[in-house]
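Peer 1: Taking numbering that gives the first Met the number 0, the leading residue of the sequence shown gets 0, the next gets one more, and so forth.
By construction, the Cβ of each residue, glycine as well, lies at the ideal position given by its N, Cα and C atoms.
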Amino acid sequence: MAGAAIAVLTALASLCGVLVAGPVSVAEDRTYGRTGDGFLPRTLPTDVDPVRPLSVDSPLLRTSPARTAQLAPMGAEWRATPVRVPYKTPPEPPAAHRPATEPKTEQPRTDQPKPQQPKPQQPTGDKPKAPKPKGDQPAADTSKADGTKAGGAKRKIFQGWAFDRCQAPSVSTMRAWLASPYRGVGVYFGGRGRHCKNQRHLDRSWLRETKQMGWNVLPIYVGSQSPCVIANIKRKFTIGGNAWAQGRQEARDAVGQARRLGMAPGSALYLDMEAYRLGQRRCARTTLAFVRSWNREVRQQNYVPGFYSSANSGVRHMERARKAGERDLPEVMWFARWNVPPSLYGEKWLDRRAWHPNRRIHQYAGDVTERHGGRRLAIDRNRVDAPVAIIR
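Here you go:
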């Protein structure tokens, strides 16, 4: 009974092997692949899905006597040879699923204007508010009352262009020069070092009339000069042994003369210190002491102490003193640097943050001759943003 069962099972196994490993037809070869080196013939039963054929290592194929008989001439090499399936490019999607155009790469726009770099802001008063003149000719002026006070007195600020000369012009000349772009005038009202001591026109009436015309006055006091002054003509007016006391005395003289001419408290008075040799230390100390004393007394008398000098000597000296923390320095800086464009905040020896705002005058040209309204004058040219005299 057991032998009969074994015989039946063996017959069934043989039958399955024939069906699985039957002979390869040309149709099957065309349908599922080709024969040759590196490829194996494929035969599938009718009930096997052709999309997923049996693997060559399938136990069914290895146990099939018919399959073993066909592969016997090839030996065992077929097991080491991989099955190569030709690669097919996947079909393109339907047109309905394709984008109408290819996506564009984001490119930076070139038609956008480049961002403008912020320009450094100029300090207030670097340019007069009036229109700029042609060439180096000044423009019209503006003037205003300043809320700051000098000892309780308000100041009058002038922004514009001014000229100064040794001898104050006559009233008629000042009227004729209304045709000029100037609206400020510097006058030498006092001081023992003043060159034009005999002022033929400068008096209280002159100041009132020029004020009514619209002129702004810059009062200049030429007192004692530095012991190391460069100009020979000024050496007889040098500071004496007690610089501090001398400075206080001359400050009182300046305030007294200003009052007699009708200049009210709050007016600026400019001390003229001609160029001197800054490198001589003892001389520099004496000069600084005189200037500080003069400034203190003028300020105590409720006037505004200003300072005029060469940019390379007196002005540079005051800047050094400011950085060193000295007190009683000038409130307004009037610096002389000729033959350069007018610039209130372009002076190399002055920090742009110092004497600002409304505390600078630049004398940018000297000993020039101009004609306006039929009248010719030899003058110095100035650009102004500073306090002026208050005329009563």
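#1: Could you check the C-alpha separation between D252 and N338 for me, to the nearest Å?
#2: Output yes or no for whether 7 Å exceeds the beta carbon distance between L343 and V297.
#3: State yes or no: is the C-beta of P329 within less than 7 Å of the C-beta of P304?
#4: Counting C-beta neighbours from all protein chains within 10 Å, is the total for K471 16 or more, i.e. buried, or is it exposed?
#5: Counting pairs of Cβ atoms below 8 Å between the region 218 to 225 and the region 284 to 302, do you hit three or more?
#6: If you reduce the DSSP assignment to three classes, tell me which class P122 lands in.
#7: Just list the residues that DSSP pairs F334 with in beta bridges.
#8: Need the endpoints of the beta strand (DSSP E) that L270 sits in, please.
#9: Using the DSSP secondary-structure output, state which residues sit across from N480 in a beta bridge.
#10: Which of the three DSSP states, helix, strand or coil, is assigned to K155?
#11: Helix, strand or coil for E346, going by three-state DSSP, please let me know.
#12: For the putative contact between C165 and H194, defined by C-beta atoms under 8 Å, what is the C-beta separation to the nearest angstrom?
#13: Around the C-beta of E392, are 16 or more other C-beta atoms found within 10 angstroms, so that it is buried, or is it exposed?
#14: Might you give, ordered along the chain, the residues of its own chain that have their beta carbon closer than 8 Å to the beta carbon of Q106, omitting 5 neighbours on each side?
#15: Taking only beta-carbon positions, decide if R191 is within less than 7 Å of chain D.
#16: Can you round the beta-carbon distance between A175 and G373 to whole angstroms, since I take them to be within the 8 Å contact cut?
#17: Rounded to whole angstroms, what is the Cα-Cα separation between E101 and G345?
#18: Alpha carbon to alpha carbon, what distance is there between R234 and E208?
#19: Quick check: L217 and G185, are their CB atoms within less than 7 Å of each other?
#20: Buried or exposed for M212, going by 16 or more other Cβ atoms inside 10 Å?
#21: Taking the alpha carbon of I360 as the point to measure from, which residue in P341, W214, V170, I378 has its own alpha carbon closest?
#22: Between which two residues does the alpha helix (DSSP H) containing L177 stretch?
#23: Starting from D252, follow the alpha helix (DSSP H) in both directions and report where the run begins and ends.
#24: Going along the chain, which residues of its own chain have a beta-carbon closer than 8 Å to the beta-carbon of G183, five neighbours each way excluded?
Peer 2: Per the coordinate set shown:
#1: 34 Å
#2: no
#3: yes
#4: Any answer about residue 471 is impossible in this case: the structure gives the chain only from 0 up to 391.
#5: yes
#6: Residue placement at P122 cannot be trusted, given a pLDDT of 34 that sits under 50; what the coordinates show is reported in the next sentence. Looking at P122 - three-state DSSP - the assignment turns out to be coil, as it is neither helix nor strand.
#7: S308, H361
#8: 267 to 271
#9: No answer is possible for residue 480: it lies beyond the span of the chain, which begins at 0 and ends at 391.
#10: strand
#11: coil
#12: 6 Å
#13: Because the chain is modelled from 0 through 391, residue 392 falls outside the range shown and cannot be assessed.
#14: Only weak support exists for where Q106 lies, its pLDDT of 43 falling under 50; the value from the coordinates is given anyway. Same-chain partners within the cutoff: there are none.
#15: Looking at the structure shown, chain D is missing, and only one protein chain is on hand.
#16: 6 Å
#17: With a pLDDT of only 39 at E101, under the threshold of 50, the placement of this residue in the model should not be trusted; the figure read from the coordinates follows. Spanning the two alpha carbons is a distance of roughly 60 Å.
#18: 36 Å
#19: yes
#20: exposed
#21: P341
#22: Where L177 is concerned, there is no enclosing alpha helix (DSSP H), given that its DSSP letter is neither H nor E.
#23: 242 to 259
#24: D140, F157, G159, W160, A161, F162, W214, N215, V216, L217, N381, V383, V387
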